[in-house]
Amino acid sequence: MAEMNGSFIQQKEAFGWYLLDWFNTLYTDTLAVQEFRNRRPAQAMQWAPGRMLDKVESMLAQYRKNENGPPGATTKLPVLLLATDDDFLGTGADWGGHHTGFERVQIYKGGSWYDYRQDMHDRRIQMVIVASDSDSAKSLAAQLSAFMQEPHRRYIDAKYKFGQYEVPAAMQLETKRIDWMKVEVDQKNIKILAADVALKCVVPIFRAPAEGEPNDG
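So the mapping is simple: my numbering equals the position in the sequence shown, first residue as 1, plus 405.
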């Protein structure tokens, strides 16, 4: 049976691993970017609950109150904050989004047979870079944009487990162009750039044959 942790946390996990690849290739052209790169990834990049562009200052305040680990280690700038909302938008047919009935398939050659169908929907992720200086914010934005423009970076696999099988499901960037917009805040000496990423996501849905139905037993 499928893991009982939902069908969408896998997308956030996959995007997290994707950003880790970017993090590990950072060029440290300012002292702040160097400090960002020297931190643990979980301290430099964090998920925030819900969409946050209109609440970025409160999200930043929550981040700075986080005192896990050595004092101050988790509250330094720059930081990359990530968020996604609860909207569920079906992918259009022009992107291959269509819903079909179940089809009997073999997950791997020689493996078990299951009834399979897939959902395809759009997932929007907001990325917010918070830095104490403009050069560092722009450096991180430029490097992340360049990373996402590489042809092989347009596709990400989310991993779903069903029984003994791990099944990859594609997530595709809607566009490789990432536009970063300045966010005005009341706090002094804070530079914030925000961008939205749209992903076309496949979610696999498996169903084991019911009793009396043809199966591999």
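For each residue, glycine too, the CB sits at the ideal point set by N, CA and C.
Notebook entry, point to check: Just to check, is the beta-carbon of T489 closer than 8 Å to a non-hydrogen atom of the ligand HEM?
Noted result: The ligand content of the structure shown is nil, which means the ligand HEM is not present either.
Margin query: So for Y423, helix, strand or coil by DSSP?
Written below: Here the question's residue 423 lines up with position 18 in the sequence shown. The answer is helix: DSSP assigns Y423 an H, G or I state.
Item checked: Cβ shell of P609 (< 6 Å), same chain only, five flanking positions each side left out -> As a first step, residue 609 must be located in the sequence shown, where it is residue number 204. So the qualifying residues of the chain are Q523, Y565, V572 and A574.
Check: How about Y423 and S544: do their beta carbons lie closer than 9 Å?
Finding: Within the sequence shown, the letter at position 18 stands for residue 423. Within the sequence shown, the letter at position 139 stands for residue 544. Contact: no.
Notebook entry, point to check: Between the beta-carbon of V535 and the beta-carbon of K596, is there less than 9 Å?
Noted result: As a position in the sequence shown, residue 535 is number 130, starting the count at 1. As a position in the sequence shown, residue 596 is number 191, starting the count at 1. It is a contact, given that the beta carbons lie within the stated cut-off.
Next item on the list: Kindly list the residues whose CB is nearer than 8 Å to the CB of D527, restricted to its own chain and excluding five residues on each side of it in sequence; keep chain order.
Entry: Taking the sequence shown and counting its residues from 1, one reaches residue 527 at position 122. Answer for D527: L494, G495, T496, E579, A603, L604, K605 and C606, listed in chain order.
Next item on the list: Indicate the three-state DSSP secondary structure (helix, strand or coil) for Q523 in the structure shown.
Entry: Sequence index remark: in the sequence shown, residue 523 carries index 118 (1-based). In this structure, Q523 counts as strand in the three-state DSSP scheme.
Check: For the stretch 507-515 against the stretch 550-566, are there 3 or more C-beta pairs whose distance is under 8 Å?
Finding: They do not touch, by the three-pair rule.
Notebook entry, point to check: At what residues does the beta strand (DSSP E) containing F611 begin and finish?
Noted result: If you number the sequence shown from 1, residue 611 lands on position 206. Element bounds for F611: K596 to R612.
Notebook entry, point to check: Quick one: is I414 buried, meaning 16 or more other Cβ sit within 10 Å of its Cβ, or exposed?
Noted result: Working through the sequence shown from its first residue, we reach residue 414 at position 9. Exposed is the call here.
Next item on the list: Quick one: grab the DSSP three-state call for Q592.
Entry: Stepping through the sequence shown from its first residue, residue 592 is reached at position 187. Q592 falls in the coil class under three-state DSSP.
Item checked: Alpha-carbon to alpha-carbon, Q448 and A613 -> Indexing the sequence shown from 1 puts residue 613 at position 208. Indexing the sequence shown from 1 puts residue 448 at position 43. Rounded to whole angstroms, the gap between the alpha carbons of A613 and Q448 is 41 Å.
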